[in-house]
Amino acid sequence: RMPSKRMLAPISLKSEFIMTKATTVQEFDAGEDKFRRIVTKILWHPITGNCLGLLTLFDAYLSCADIDRRAANLPEPPWLSYSMDICLAAYTVEYVMWCFVR
């Protein structure tokens, strides 16, 4: 094939996405509780989100392991159910903390 001798005009792409305000830690009045501010900072911290994400992945792994063991009629090791209970407790604590802050 012969290359085209015609020059292509530069293409200008413009994207206009819907922009929202960045989510920040909720502002509190001077009379608000110090504990509520601390809980809010903990919940909005990136490390908290990352740890809860890893906990969710670990819980998904535990669920798959539990399903596989039940399908094979193998006895369930105690650590598996304890670990799943700890994950459920962590989810519950996070939910209660969000309810407290909002």
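Counting in this note's numbering, the sequence shown runs from 1 upward without gaps.
Yeah, the Cβ is synthetic: ideal placement off N, Cα and C, and Gly gets one too.
No experiment lies behind these values; they were computed from the predicted model shown.
Chain-order list of residues whose beta-carbon lies under 7 Å from that of residue i (same chain, five-residue window excluded)
i	result
Leu55	Cys87 and Ala90
Arg69	Glu76
Cys64	none
Under 8 Å between C-beta atoms of residue i and residue j
i	j	result
Met97	Asp59	no
Leu104	Leu62	An answer regarding residue 104 cannot be provided, because it is not within the stretch 1 to 102 covered by the chain.
Residue from the options with nearest C-alpha to residue i
i	options	result
Tyr95	Lys34, Asp33 and Thr40	Thr40
Contact test: residue i Cβ vs the ligand SAM heavy atom, cutoff 7 Å
i	result
Tyr95	As far as ligands go, the structure on display features none, and thus does not contain the ligand SAM.
Distance between residue j and residue i (C-alpha atoms, nearest Å)
i	j	result
Pro78	Thr92	21 Å
Asp66	Leu57	14 Å
8 Å CB neighbourhood of residue i in its chain, flanking five on each side removed
i	result
Phe141	No answer is possible for residue 141: the residues shown for the chain start at 1 and end at 102.
Ala42	Reading the sequence as shown, one finds Ile at residue 42 and not Ala. Same-chain partners within the cutoff: Thr48 and Met97.
(request) Report the residue ranges of all alpha helix (DSSP H) runs contained in full by the region 33-60; include only those spanning at least 4 residues, in chain order. (result) 34-44
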